[in-house]
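Everything on this sheet refers to the single structure shown next.
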Amino acid sequence: MAAPRIGYLLPTRDWTILGGDVAALAEQARTAEDLGFDSVWAGDSPVTRPRADALLVLAAAAARTSRVTLGTAVLLPALRHPVLLAHQLATLDAMSGGRVIAGMGSGFANPATRAQFEAVNVDFGTRVSRMEEAIAAMRLLWSGHEVSFSGRHFAFNDVSIAPGPVREGGPPVWLAGGGARALRRVASLADGWLPYPPTHRQYADERALLSGSPVTPALYATLCLDDDPERARARLRVSIERYYNAPLEFVEGIQAMFAGTPDGAAAWLRGYAEAGAEHVVVRLAVDDHRSAMEEFAGLVLPALRSFRQEVRV
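Written out as structure tokens, the structure reads:
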């Protein structure tokens, strides 16, 4: 059984809406590295849920860290031209010494996301095919050669980019999504899978559909810790309903979410590891992100490291 690596989602959205110092996000990434996290991540949603730009934040984080993986959770490639995005990701990979994971998604089907696509004059109905084309085009551009591409949405001739990515073939591409159709896409296009199924059983069932595929199975999980489980749930409700403008009960029916004690969080995350998750990206649903990150690192990470030792025996 693969032991889970644990990543920390930088609070690029909360930091923005709560009036935090955006420049301090890079220091938050450095602290996550010092506390023992394996990776740091940033989300992408320039209009629907405005936040600091993911790639700029990760570039700053690259300069402040030396060990952690740097990932997008998740980037929306359909909003961008693949030549420009491939160049940005390759530059970030070069700056960080090959530490980038390009987590990508097509965008959740709701009115707010549709409005975001309309704001940048991209047909929402083509978001999946645009994402698929963008991935194919970027892999060509990361080859280090002068390349051409002709597709339904994008076309270019005799283009090369520099600097190139550190790793041959470019940064690993991880795709979000669940269900049979999305999982077929993951198996055919991606190097990793970054979903958020709300139960261990659903994760295990969908993971089984990727059996035989070399993709890395990961998980995006939201947690709120408190010694009082009721208080933890109340705090989770405030954070989630402010973030999504939707009831907690609706959101937790779709996404992996936990509210409770640190011991309970460790046990909950172990359940996903036992279901096959090899890398967990943790989003902390709180207002005081520095203290919450330290609490998670001090009380939950040791329990998960103990689990790592157990599975190696």
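If you're matching positions, the sequence shown starts at 0 in numbering that gives the first Met the number 0 and goes up one per residue. Glycine is no exception: its CB is placed at the ideal position from the N, C-alpha and C atoms. Just so you know, these numbers come straight off a predicted model, no measurement behind them.
message = If distances are taken between C-alpha atoms only, which option among Arg63, Thr11 and Ala22 comes closest to Arg48?
response = Thr11
inquiry  = Tell me which residues share the same chain as Ala23 and place their Cβ nearer than 8 angstroms to its Cβ, disregarding the 5 neighbours each side in the sequence.
reply    = Trp14
inquiry  = Quick check on DSSP: helix, strand or coil for Ser105?
reply    = coil
query = Going straight from the alpha carbon of Gly259 to that of Gly35, what length do you get?
reply = 22 angstroms
query = For the beta strand (DSSP E) that Thr221 lies in, which residues bound it at each end?
reply = Thr215 to Leu224
task = Enumerate in chain order the residues of its own chain whose CB-to-CB distance from Pro216 is below 7 angstroms, with the five nearest sequence positions on each side excluded.
result = Trp192, Arg206, Leu209, Gly275, Ala276 and Glu277
query = Does the pairing of the stretch 168-186 with the stretch 138-150 give three or more beta-carbon distances under 8 angstroms?
reply = yes
ask   = For Ala28 versus Leu8, is the C-beta distance shorter than 8 angstroms?
value = no
request  = Provide the residue(s) that pair with Ile100 in DSSP beta bridges, ordered along the chain.
outcome  = Gly70
key: Through-space distance from Arg289 to Val56, alpha-carbon basis   = 17 angstroms
query = Since Ala31 and Met292 are thought to touch, with beta carbons under 8 angstroms apart, how far apart are those beta carbons, to the nearest angstrom?
reply = 6 angstroms
request  = Can you tell me which of the three DSSP states Ile134 falls into?
outcome  = helix
query = Around the C-beta of Ala189, are 16 or more other C-beta atoms found within 10 angstroms, so that it is buried, or is it exposed?
reply = buried
message = List, from N- to C-terminal side, the beta strand (DSSP E) runs of 3 residues or more that fit wholly inside the stretch 16-63.
response = 38-41
query = Which class does Ala233 belong to by DSSP, given the choice of helix, strand or coil?
reply = helix
query = By Cβ distance below 7 angstroms, which residues in the same chain neighbour Arg333 in space, the five residues on each side in sequence not counted?
reply = Residue 333 lies beyond the residue range present for the chain, which begins at 0 and ends at 312; the question has no answer from this structure.
query = Exposed or buried, Arg230, counting other C-beta atoms within 10 Å across all chains shown (16 or more means buried)?
reply = exposed
ask   = How many angstroms separate the CA atom of Phe107 from the CA atom of Arg180?
value = 15 angstroms
ask   = Under a three-way DSSP split, which group does Leu283 fall into?
value = strand
ask   = In its own chain, which residues sit with a C-beta less than 8 angstroms from the C-beta of Ser238, not counting the 5 before and 5 after it?
value = Asp13, Cys223, Ala284, Val285 and Asp286
request  = Mind reading off the beta-carbon distance from Tyr219 to Ala72? Whole number of angstroms is fine, and I expect it under 8 angstroms.
outcome  = 6 angstroms
query = Which residues bound the alpha helix (DSSP H) around Leu84?
reply = Pro81 to Ser95
Minimum C-alpha distance to Val21 - residue among Arg241, Val158, Leu88 and Arg50 = Arg50
request  = Grab me the residues of Ala59's own chain with a C-beta within less than 6 angstroms of its C-beta, minus the 5 sequence neighbours each way, in chain order.
outcome  = Ala25
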